[in-house]
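Chains as they are written, first to last, in this note's numbering: chain B, 1 to 200; chain L, 1001 to 1635. All C-beta atoms, glycine included, are put in the ideal place defined by N, C-alpha and C.
In C-alpha cells:
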C-alpha cells in the first residue's frame, strides 16, 4: 500500500500511537506487575500452607514465640504510611506543595521505621531460619515482604527526591501515583502476612 | 579511554563486572566477619552472591538503566530523540536498543544460538546412548548433559524465541509504532543472554553442571554441588525476562491498537500472545518462588524441604513439586500458544481462505489459559501426594484436550478446499499439524492414571515431550521464521533449501522420537546413561537418526545466513497477506508507519473479493463512501 512507497529519510519520529483503551499504560503495567507480585506471595503462602496445615506442624515451632504486639505496632506504622501517602497525592492534585513534600517524606520515614523495627525483631526473636521449617517459613514470608518494603522505599525515595526538586503538578503527577499504588499493595500484603503468620 | 568507560556500552559493562565481583566479594567477607563465620573466605558463598551481583552490575554498565537513573534522581531526562531506533550495522545488534524490531531480531538470533548449543548437548547424549554400557561420559556428566539440554531449550529457546518473533511482528500487526515500554523491552532482552551463559557456565563449576533435570526437584537440588546454584539463579533471570516481556505485550495489546482494531479483528497471533502473556504474568512467579526456596535452602540453610528437622518431620518435599508444576504446566502452554498463533497466520494465508471459526479459535485460547491452571498435579501421579487429587487432575487434563481439539479441527477446516501453496512455511505448518496431533494423543494417554503410572519416567515421556515441543513448538517456530524472514531481513530465503530442510527434519524427527514410544512402553527408563541389552537396536537407530536431525539444522543455518547476506530482495508483501505487518516495506520503516493505519475489516478475508483489513488513512478519511469495497465483518 501507500506507506511502502515512502522512504525512511522523511521520518522524524514515530507517529503517535492510537489510544485504544481509557486505561493509561503505566497504570495498567503496574497493575499487571502487582498481579505477578501477588502470585509470588501466593507461592510462599503455598509453602506456609503445606508446612503448617498439610504437615500438621505446631505453629510457631515448639519453644519459640512470635512478638505479636511489636509486629502489631509495626502494622499500625505501615498502615499510617498509606494514609500519609494518600494525603500527599491529594495535596499534589490540589496544588498544595507543602502537603506533597511533607506527605511523601513522612511516608518514606514511616516505611523506613517499619523496616528498622522488622530487622530489630529478627535480631531479638531468638530463633534462626535453619532451626525448623516453621522458622524458615516465618523468615521466608516476612523476609519476602521486607524485600518488597525495600523496593517500595527505593521507589518512594525517587518520588521524594523528585518532589523536593519541584517535579509534579496538579496536571501531571503520574510519576508519584504509580509508585504509590505499589506502596499501597505492599501495605495490604503486610496485613495478610501479619494475619496469617502472627495472629492465626 | 576514560570517556569509553563512562559512556554506556561494553567497556563500561566490563568495568562494572569487575566492580560487581568486588562488591560480592566484599559483601560476603563483611557479613561473614560480622557473623563470626569461619572461614571468612568461602568460595561457595562468594560465587552465589557474585552470580546475582555481577549480572546486575553488567546490565547497569551496558546502559539499560541510564534513563531510569536520571529520572529517579530528578535530573532532566533527555527526551527520546529516537536516534537509537533501527540498526544500521551488525554492531547495533550488540547495543542496548529500544526498537522493537531490533529487539525482536536480537531475541530470535540469541535463542537460536542456544538452540544450537542445546542440540549439540543432545548429540553428546545420543552418542553415549548409541550402545549399551558407558563410552564417552560418566553417569554424572550424563545427568548434567540432559539437565542443561532441557533447561537451555525450554528457558532460552522455546519461550524467548516466541517472544522474539512476537516482538518483531506484534506491534506492526496491531498498528502500533513500538511496544508500550521500549526500555523495559530492551532490559528484558538483555536478561536472556545472562541466563543462558549462566547455565552454560555451570559446566565450569566444581562438581560439574547442575544435574537434577530441568525440574530440579528438591531435596535433590538442595544437596547437589555448586553447579545447581547456577540453574537456580539463571531461572530467575530468564523468568524476570519473560514476565517483563509479557507485561509489555499485554499493555501494548490493550492500549495501543490502531483505530478500528477491535479485539475480534486482531490477528490470531495477537490473540495467542495475549493469552500466553496472561499465563506468564500469573504463573511465572511460582517458578521464581520455587527457586527462591531452593536458593534459601542451599545458601542460608533454610529448611523448606528438609523433612527430618528437630523432633518431627517439619519440611515438605511434595510442596516443591506443587509450586514448580503450578508454573510448569501453564509453561507448556506458554511454549505452545504462540505457535498456535503462527500456524493460524500461515495456514490462512497459504490456503487463501478465511480462518475457520475465528471466534472459537480466540475463545479456545482463553479456555486453555483458564484450564491450564487446573491440571498441574498430573505430573505428580507417582509422587506420593494424596491419591484422590489424581482423579480431578485426570478429568481436567482430558477436558483441556477439547479447546486444543477445537483448534486442530478449525485448522483442518481452514485447509478444506483451500488453494494450498506448499512452500516452506506451509510445509512446516502442516508438519506441525500432524506431529502435534500425535503428541497430543500421547498426552491424553498420559492423563490416564493407570497408563501414566506404567510409563512414568520412561522414554514414553521423552517421546511425548519431543512430539509436542519439537514436532509442535519447534515446527511452528520454523514456520514462523520462514514466514516472516522476508519481513525481518528484506530478503527472500531459498525455498528449495527450505523444503530440503523440512523433509530432512520431518523424516529424521520421526525416526528419532517415534521409536521412543515403543521402548518407553517396554520400560526403558529416561535420564539414565546406560540401558539393558534388549534396547540396543532401537537406540542405535535413534542415535543415527538424531545425528541426521542435527545435520539438517545446518541446511537451515546455511539458508538463513546466505539468504540474509545475498538473497533476492523481498517485496513488501510476497505472500499476499492482509495483516498490517505486510502492508509496510520489507524490512519495515524505522518507525513502522507514517501515520497509524485504520482497520476496516477482519484479518483473514482471503478469497473475499475486495476485502481490506487495514488502510493507511485516518478514521475520518477511511469511512466508506460507496466506491471502496470493504468486506463486511461477521460482527
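Please look up how many angstroms separate the CB atoms of residue i and residue j, rounded, as I've assumed it's under 8 angstroms.
i                      : j                      : result
residue 1314 (chain L) : residue 77 (chain B)   : Not quite, the Cβ-Cβ distance comes to about 32 angstroms (not below 8 angstroms), so this is no contact.
residue 1428 (chain L) : residue 1502 (chain L) : 6 angstroms
residue 1580 (chain L) : residue 1172 (chain L) : 6 angstroms
residue 152 (chain B)  : residue 182 (chain B)  : 6 angstroms
residue 1330 (chain L) : residue 40 (chain B)   : With 8 angstroms as the limit, residue 1330 (chain L) and residue 40 (chain B) do not qualify as a contact, their Cβ atoms being about 15 angstroms apart.
residue 1339 (chain L) : residue 1476 (chain L) : 3 angstroms
residue 1292 (chain L) : residue 1055 (chain L) : Actually they are not in contact, since the Cβ atoms of residue 1292 (chain L) and residue 1055 (chain L) sit about 16 angstroms apart, beyond 8 angstroms.
residue 1584 (chain L) : residue 1572 (chain L) : 7 angstroms
residue 1234 (chain L) : residue 1198 (chain L) : 4 angstroms
residue 48 (chain B)   : residue 137 (chain B)  : 5 angstroms
residue 1574 (chain L) : residue 1486 (chain L) : 5 angstroms
residue 1210 (chain L) : residue 1202 (chain L) : 5 angstroms
For chain L, is any of its Cβ atoms less than 7 angstroms away from the one on residue i?
i                     : result
residue 18 (chain B)  : yes
residue 28 (chain B)  : yes
residue 88 (chain B)  : no
residue 173 (chain B) : no
residue 57 (chain B)  : yes
residue 188 (chain B) : no
residue 52 (chain B)  : no
Kindly list, in the order they appear in chain L, the residues whose Cβ is closer than 8 angstroms to that of residue i.
i                     : result
residue 100 (chain B) : Under the 8 angstroms cutoff, chain L gives no residues; its nearest Cβ is about 14 angstroms from residue 100 (chain B).
residue 204 (chain B) : Because chain B is modelled from 1 through 200, residue 204 (chain B) falls outside the range shown and cannot be assessed.
7 angstroms is my cut-off, CB to CB: does residue i come that close to chain B?
i                      : result
residue 1630 (chain L) : Because residue 1630 (chain L) carries a pLDDT of 49, less than 50, the predicted location of this residue cannot be relied on, and no value is offered for it.
residue 1251 (chain L) : yes
residue 1160 (chain L) : no
residue 1169 (chain L) : no
residue 1634 (chain L) : The pLDDT assigned to residue 1634 (chain L) is 47, lower than 50, so where the model puts this residue is not dependable; a value taken from the coordinates is nonetheless given after this. No, residue 1634 (chain L) does not count as interfacial toward chain B.
residue 1301 (chain L) : yes
residue 1259 (chain L) : yes
residue 1219 (chain L) : no
residue 1289 (chain L) : yes
residue 942 (chain L)  : Outside the displayed span of chain L (1001 to 1635) sits residue 942 (chain L), for which this structure offers no information.
residue 1112 (chain L) : no
residue 1627 (chain L) : Confidence at residue 1627 (chain L) is low in this model, with a pLDDT of 49, below 50, so its placement is unreliable and the value that follows should be read with caution. It does not: the Cβ of residue 1627 (chain L) has no partner Cβ on chain B nearer than 7 angstroms.
residue 1380 (chain L) : no
residue 1316 (chain L) : yes
residue 1048 (chain L) : no
residue 1319 (chain L) : yes
residue 1243 (chain L) : yes
residue 1340 (chain L) : no
Identify the contact partners of residue i in chain L, using a Cβ-Cβ distance below 7 angstroms as the criterion.
i                     : result
residue 97 (chain B)  : Near residue 97 (chain B) there are no residues of chain L at all, since even the closest Cβ is about 15 angstroms away, more than 7 angstroms.
residue 33 (chain B)  : 1247
residue 118 (chain B) : None at all; the shortest Cβ gap to chain L is about 17 angstroms.
Apart from the five residues just before and just after residue i, which ones in its own chain have a Cβ nearer than 8 angstroms to its Cβ?
i                      : result
residue 173 (chain B)  : 89, 92 and 93
residue 1008 (chain L) : 1061, 1062, 1063, 1066 and 1096
residue 1023 (chain L) : 1053 and 1057
residue 1555 (chain L) : 1497, 1500, 1501 and 1504
residue 75 (chain B)   : 190, 191 and 194
Residues in the same chain with beta-carbon distance under 6 angstroms from residue i, minus the five sequence neighbours each way, listed in chain order, please.
i                      : result
residue 185 (chain B)  : 34
residue 1599 (chain L) : 1258, 1260, 1261, 1265 and 1614
residue 1516 (chain L) : 1459, 1462 and 1463
residue 1510 (chain L) : none
residue 1607 (chain L) : 1352 and 1353
residue 1048 (chain L) : 1229 and 1299
residue 82 (chain B)   : 184 and 187
residue 1449 (chain L) : 1381, 1390 and 1394
Taking residue i as the query, report the chain B residues whose CB atoms sit under 8 angstroms from its CB, ordered along the chain.
i                      : result
residue 1596 (chain L) : 15, 16, 17 and 18
residue 1323 (chain L) : 43, 46 and 47
Got a sec, what are the start and stop residues for the alpha helix (DSSP H) residue i sits in?
i                      : result
residue 1239 (chain L) : 1227 to 1255
residue 1392 (chain L) : 1390 to 1415
residue 1174 (chain L) : Neither: residue 1174 (chain L) is in no alpha helix (DSSP H) and is coded neither H nor E.
residue 176 (chain B)  : 174 to 193
residue 55 (chain B)   : Segment: none, residue 55 (chain B) is in no alpha helix (DSSP H) and carries neither H nor E.
residue 1556 (chain L) : 1536 to 1566
residue 1223 (chain L) : 1220 to 1223
residue 1141 (chain L) : 1139 to 1151
Under 7 angstroms between beta-carbons, which chain B residues line up against residue i? List them in chain order, please.
i                      : result
residue 1177 (chain L) : 14, 15 and 17
Take residue i and list the residues in its own chain whose beta-carbon comes closer than 7 angstroms to its own, dropping the five residues that flank it on each side.
i                      : result
residue 1443 (chain L) : 1464 and 1468
List the residues of chain B that residue i touches, going by C-beta distances under 9 angstroms, in chain order.
i                      : result
residue 1281 (chain L) : 32, 33, 35, 36 and 39
Can you pull the chain L residues whose beta carbon is under 9 angstroms from the beta carbon of residue i, in chain order?
i                     : result
residue 167 (chain B) : 1074
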